[in-house]
Amino acid sequence: MKKWLITTMLLGLASLPAWGHRLDEYLQATIFSIEPGSVQATMRLVPGVAIAPAVIAMIDSNHDGVLSIEEQHRYAEGVLADLQLEEDGSRLSLNLTSATFSSIELMKQGNGEIELTFSAEQSVSRGEHLLTFANRHQSDISVYLVNSLVPEDKGLLLGKQIRNQNQSLYQVTLTETLGAPSQGFTLSGFDGAFRLGAHHIAQGTDHLLFLLTLLLPAPLLAFRGRWSGRATIRRSLTHILGIVTAFTLGHSLTLALSALGLFHLPGRPVEVLIAVSILVSALHAMRPIFPGRESIIAAFFGLIHGLAFASALNELGLTGWYRLVSLLGFNIGIEAMQLVVVSMTLPALLVLSCTERYSVLRMTGATFACVASCAWIAERVCDRANSIGYAIETLAHHGALLCVGLWICSAVAWMGCRHVPVVSNELALTIELIDR
Amino acid sequence: MLEITSGPRRFALALSVAVALCASCTAQQPVDQVVQSANKFLETLSEAKRSKVVYDFNDNAQRSKWSNFPTGFVPRGGISLKELSASEKAAALDLMKTVLSSRGYEKVTQIRMADDDFKTNGSKRGPRGGGPPPGGGPPPNGPGGPPPFGAGGPSRNGGPGGRPPQFGSDNMFGSDLYYISFLGKPSTTSPWMLQFGGHHLALNITIVGSKGIMTPSLTGAQPAVFKVDGKTIRPLGRESDEALTLLQSLDAKQRSQAVLSYKVADLVLGPGQDGKQISPEGLQVSAMNDKQKTLLLQVISEWAGIMNDSMASARMAQLKSELNDTWFAWSGATDLQVGTNINAYYRIQGPHLVIEYAPQSDEPTNHVHTIYRDPTNDYGQGAIEK
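Protein chains in written order, with the working numbering: chain R, 69 to 504; chain U, 12 to 397.
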């Protein structure tokens, strides 16, 4: 089908005025940015005017003349699937980090371009490594360019670059001279890792959603399979502290083990399990499944979340002492940001939980988490983005706004709604005993 | 009494000598002349036109609004020569003559002439090669066919299915579709910028004190060889000839390093690729002899020497001092003749320099794009920060 389209387009070329720019070629220019432990790349794809319609047709899969975000994403992932990056013969998985598309109109003029950025984890050991890159995207119409930037890290040297004639194959030798003691134990390493950790959890919508969903029913007591009655503030706080600590202990353990190279799990099952963890805590927020044992669940799923954190840390690609310092910085960064988020939302939750309207928030939150987790499970199992996932990411970018909204709701509910009486600690204990 | 009168007199004399000396010195300063002719040009303009030409110095959107494309496809800021009256245009070109060296100005003029030739004759490639501009014919494509040119562009001729812009159309090609713009106010002390560009030309000149920084800039031509009144014109002919002369001067071992084994289809660091320092390849200049180094400097001067001689000499001195850390790479045919345009790509790269010469695939010897950069000093940023 594609070939047929392209042939038609090329036949059509005969009737085109040659106005003097790229015509029947699909230029794909990749520039790698290689730093110790991480490989990032920017890829510009520029369809010539004669083949632009064929390229557009590949992207615009429903042929409605609009390149929707979903279509763009699908095409970008398709391009990535045509790429192959290997380090010392073993394939590195590529993560799309951004995709920018010109308008259809610009592309039709032969004047548009697509810019993709992607990253890959690279091993961190010292010595010489061979990085191999192959681009097979649309090889019958494409011309390729590949280059690497001079690394900012002076400990990493780019050696000889080898390409085949049309640059669809590229090899570069990396010499990692890191490990000189002077480069080891530095505060800047800690600082960078701290910021990475904080950034990771702030951007990691799924991690936060898991924790927040688990906290939703924390101020409540379960009785006969339903959430009913509220515990004293003190009891709620102790409970919440327990959950957060358990989550922290769980993910710290696997983060440390995995970051120190003691074991490794493939990324995708971990990502799927994380989405499952959200689903479980969302169902629990609707109807108590494991009342009183939230801390154990938090610790268990914390172990899984820690594995995902480890892969983010691995992007720094560090060795020895330097790695240990970074691990510490990264973990403290995660905890700090986690604490910030919890302390921003928790008071509002506690205030709300005193009112009869709390169940509305709990059910809304739980439903949202349910939908999000299902979307993520689908996305991660099929390895294909969906629109719900996109919507949630967009929403998550306005986290501060959501938080403000929560505070306003809690203030309004506090003033306007009936307050629920507190269940005393003794009664709560009794209820727990009966319920068991 | 005598002493009292002679004191002020002597002082006055000394002062007038000093003023005259200073005046004669400063009048010779090229940056003063540049600021003078810039202001002279701005004064010829009406308020409306002037507001079109002058942008805020911090207007980064305008700063990076340059391209190799025709202005009909990628509109530039500022005002085109076409929109200027005869006297305004003369003042604008006077300014360019002051900012640029005579060979730089000649290059710019010939690039503009090439666009006139393109407007008249079109591309030599394809079924219309060398023929008169298409026009009047029916739309070449029906629905579902190849894309109409200029959809959304200013030269859209309308009609179902669309029609391509015609080479004779007034707002796509031609030597008067070159735009001039300022960022900030011309000054001998605070930084400002002058941009001049259109199809196949983008000069981004940042003036910081007496320094003139012309990175990043782009030159190009299609046709890259044409005749005017029987005289052959090659706007970027010296770029082609001098680099080929350098290549031919290399011995077998040097050549095996300089000549890359792969094809380079286009500029690697074209428009939009600011600040990127790619890993250099080819032959390191430290392995060249003095004669070859002189030849290389000559090639470099085809870009660095576009600026007027006083501003270019500082830049050339910098590049000369880093020559041993500079690399020369060639991709494509080597059995070529000086005097005809090469169909090979080359790159010269140093710590503060990237030059790329990239023949375009549609007409390799008749269509070329080049780029001139200092990845550490885009738009004079490095000089301003100092």
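Beta carbons: idealized from backbone N, C-alpha and C, even for Gly. Bear in mind the structure is a predicted one, so any value in this text is a computation, not a measurement.
Beta-ladder partner(s) of A213 of chain U, from DSSP | U:G208, U:L229.
Collapsed DSSP secondary structure at P489 of chain R in the structure displayed = coil
Using a C-beta to C-beta distance shorter than 8 Å, which residues of chain U count as neighbours of Q229 of chain R?
-> S290, E292
Determine, using beta carbons only, whether N388 of chain U comes closer than 8 Å to chain R.
-> no
Output, in sequence order along the chain, the residues in the segment 366 to 378 of chain U whose CB is closer than 8 Å to any CB in chain R.
-> Q371, S372, D373, E374, H378
Whole angstroms is fine: what's the gap from L470 of chain R's alpha carbon to W482 of chain R's?
-> 18 Å
Would the segment 176 to 190 of chain R and the segment 152 to 162 of chain R be scored as touching if the rule is three or more Cβ pairs under 8 Å?
-> yes
If you draw a straight line from the C-alpha of L420 of chain R to the C-alpha of D451 of chain R, how long is it?
-> 38 Å
A343 of chain R Cβ short of 7 Å to the ligand ATP heavy atom set | Among the components modelled here there is no ligand, and therefore nothing to report on the ligand ATP.
Can you give me the start and stop residues for the beta strand (DSSP E) that A286 of chain U sits inside?
-> Reading off the sequence shown, one finds Gly at residue 286 of chain U, where the question assumed Ala. First-last for G286 of chain U: undefined, no H or E at that position.
Which of the three DSSP states, helix, strand or coil, is assigned to T254 of chain R?
-> Annotation note: pLDDT 49 at T254 of chain R (below 50); position unreliable, no value reported.
Around the Cβ of P138 of chain U, are there at least 16 other Cβ atoms within 10 angstroms (buried) or fewer (exposed)?
-> In this prediction, P138 of chain U scores a pLDDT of 34, lower than 50, which makes its location untrustworthy; the coordinate-derived value is nonetheless stated afterwards. Exposed, since its Cβ has fewer than 16 Cβ neighbours within 10 Å.
Using a Cβ cut-off of 9 Å, pull out every chain U residue sitting near S216 of chain R, in sequence order please.
-> Ordered by position in chain U, the residues that pass the 9 Å Cβ test against S216 of chain R are I289, S290.
Go through its chain and collect everything with a Cβ distance to T241 of chain R's Cβ below 7 Å, but skip five positions before and after it.
-> E196, L198, G227, K228, listed in sequence order.
So what's R266 of chain U in DSSP terms, helix, strand or just coil?
-> It is helical.
If you draw a straight line from the alpha carbon of P291 of chain U to that of G83 of chain U, how long is it in whole angstroms?
-> 35 Å
Exposed or buried, what is D389 of chain U when buried is set at 16 or more other beta-carbons lying within 10 Å of its beta-carbon?
-> buried
Whole-angstrom distance between F369 of chain R and D336 of chain U, CA atom to CA atom = 54 Å
Between which two residues does the beta strand (DSSP E) containing Y116 of chain U stretch?
-> Per DSSP, Y116 of chain U belongs to no beta strand (DSSP E); it is in the alpha helix (DSSP H), 113 to 132.
Give the straight-line distance between the Cα atoms of A440 of chain R and I346 of chain R, rounded to the nearest whole angstrom.
-> 8 Å
What does Y273 of chain U touch in chain R if you count any residue whose Cβ is under 8 Å from its own?
-> R231, N232, Q233, N234, Q235
Coarse secondary structure for M183 of chain U, derived from DSSP in three states | coil
Do you know whose CA, among U:M107, U:K108, U:R61, lies nearest G88 of chain U's CA?
-> U:R61
Hey, could you find the ends of the beta strand (DSSP E) A304 of chain R is sitting in?
-> The sequence shown places Ser at residue 304 of chain R, not Ala. Looking at the DSSP string, S304 of chain R is not in any beta strand (DSSP E); the run it does join, the alpha helix (DSSP H), is 301 to 327.
4-residue-minimum alpha helix (DSSP H) runs that sit fully inside the segment 412 to 443 of chain R, ordered along the chain = none
Could you give the residue range of the alpha helix (DSSP H) that holds H380 of chain U?
-> Looking at the DSSP string, H380 of chain U is not in any alpha helix (DSSP H); the run it does join, the beta strand (DSSP E), is 379 to 384.
From the DSSP output, which residues share a beta bridge with F399 of chain U?
-> The requested residue 399 of chain U does not occur in the structure, where chain U is confined to residues 12 to 397.
Beta strand (DSSP E) segment containing W338 of chain U, residue limits = 338 to 342
Based on the DSSP secondary-structure assignment, which residues constitute the bridge partners of P104 of chain R?
-> Partner(s): none; P104 of chain R has no beta bridge.
Are S342 of chain U and K264 of chain U touching if we call contact CB-CB under 8 Å?
-> Not closer than 8 Å, so no.
Cα-Cα separation, A446 of chain R to Q206 of chain R | 28 Å
Out of R:R425, R:M431, R:G433, R:S236, which has the shortest C-alpha to C-alpha gap to R486 of chain R?
-> Selection R:R425, R:M431, R:G433, R:S236 evaluated against R486 of chain R yields R:R425 as nearest (Cα-Cα).
Range covered by the alpha helix (DSSP H) that runs through Q44 of chain U | 41 to 55
Going by DSSP, name the residue or residues bridged to F186 of chain R.
-> R:A109, R:L164
Expected contact under 8 Å - CB spacing of F193 of chain U and A269 of chain U to nearest Å = At roughly 41 Å, the Cβ-Cβ gap does not stay under 8 Å, so F193 of chain U and A269 of chain U are not in contact.
Which stretch, first to last residue, makes up the alpha helix (DSSP H) that contains I456 of chain R?
-> 455 to 464
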